[in-house]
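Numbering (my numbering), first residue to last: 74 to 385.
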Ligand SMILES: NC(=O)c1ccc[n+]([C@@H]2O[C@H](COP(=O)([O-])OP(=O)(O)OC[C@H]3O[C@@H](n4cnc5c(N)ncnc54)[C@H](O)[C@@H]3O)[C@@H](O)[C@H]2O)c1
């Protein structure tokens, strides 16, 4: 019997790569998405697959299906998208989590939550370990996402304590790769798109703020390892690439790999933009035997190749 797996947000950037990988591992995959930020193009190559199904549905409404494992990825992830309809963003995280946890409880499925490094807010400790409680503004423009994801984590742990549900929580740090949305304002896609179009590369602030970037294949490997880890491993566990770059260094790499003549220009930092973000992945190493394998240079080259194809 093939394992029946539900992926919410399966038509999005990470979700579509996860569906690819699960099908390669001989699973029966049901993808649920309302195409808020995802696209049919991301999963078009899977539509003829015998063990792939898609349901168009908003997870803020209950869903009645059968599954043995649920990966809950549905939620817009980039600030431009999650700030477009902040109330819906909170609903997706909170009502969505309640619905998916309720489903997992009914059908006795194991459920994994795609949480985020944003639960750490603008951190005072560096790198961030899972026991750091975070510094999040509850009333800012990022709060719909940050606090929504924090509340979803609370729900996961309450279902675990109250109902002994099989939960898994991962906190994902910046991930990039093919199928990122070209206009989502995330730094890697922004820089690549601007470089390929020969437009100025926009750096917010002085470019000295740092980020760590994990390639999508590494991240998907981490999700699958977490889902299939022993029951007592519930998380939260950080998944990300600890090698850190300044935003300026990233822009310079993109310029080099695209052979672009774009210029770097500097704009004011948006509200609540964190200065530093770097995962401590000791727990992922120890409990999942996981660490990123793809170098930033290789990952960037793959991503640039994707955007070149996309733009013809
Ligand atoms: N990409 C990253 O760097 C990153 C970092 C941290 C956390 N995450 C988390 O991983 C998950 C996937 O992120 P992504 O980068 O693939 O984003 P994405 O925006 O590409 O994918 C999200 C998917 O969820 C779908 N969706 C949104 N609201 C929905 C709803 N109410 N009902 C059904 N479907 C809905 C969208 O249409 C889209 O297909 C998100 O939960 C995000 O918070 C991603």
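We treat Cβ as the ideally placed atom computed from N, Cα and C, and that holds for glycine.
Looking at the DSSP output, residue 366 sits in no beta bridge, so it has no partner there.
In terms of Cβ geometry, residue 238 and residue 174 form a close pair [threshold 8 Å]. Within 7 Å of the C-beta of residue 248 there is at least one heavy atom belonging to ligand 1. If the five residues before and after residue 99 are omitted, its C-beta is found closer than 7 Å to the C-beta atoms of 75, all from its own chain and listed in chain order.
The segment 213-222 makes contact with the segment 157-175, as at least three CB pairs between them are under 8 Å. The Cβ-Cβ distance between residue 339 and residue 279 falls below 8 Å. The bridge partners DSSP lists for residue 241 are 185. Residue 275 is not a Cβ neighbour of residue 318, given a cutoff of 8 Å. Here residue 106 is buried. Its C-beta has 16 or more other C-beta atoms within 10 Å. The segment 255-270 makes contact with the segment 324-338, as at least three CB pairs between them are under 8 Å. Cβ-Cβ separation between residue 244 and residue 189: approximately 6 Å, consistent with a contact (criterion under 8 Å). Pairing residue 87 with residue 235, the inter-Cα distance amounts to about 30 Å. Pairing residue 281 with residue 321 gives a Cβ-Cβ distance under 8 Å. Counting along the chain, residue 253 sits inside no alpha helix (DSSP H), nor does DSSP assign it H or E at all. When secondary structure is reduced to three states using DSSP, residue 100 falls in the coil class, being assigned neither helix nor strand.
The shortest CA-to-CA distance from residue 292 to any of 94, 82, 77 and 84 is the one to 94. With respect to the C-alpha of residue 304, the residue from 137, 367, 182 and 116 having the closest C-alpha is 182. Here residue 155 has 149, 162, 217 and 218 as same chain residues with Cβ atoms under 7 Å from its own Cβ, once five neighbours each way along the sequence are excluded. Here residue 246 carries a coil assignment [DSSP, helix/strand/coil].
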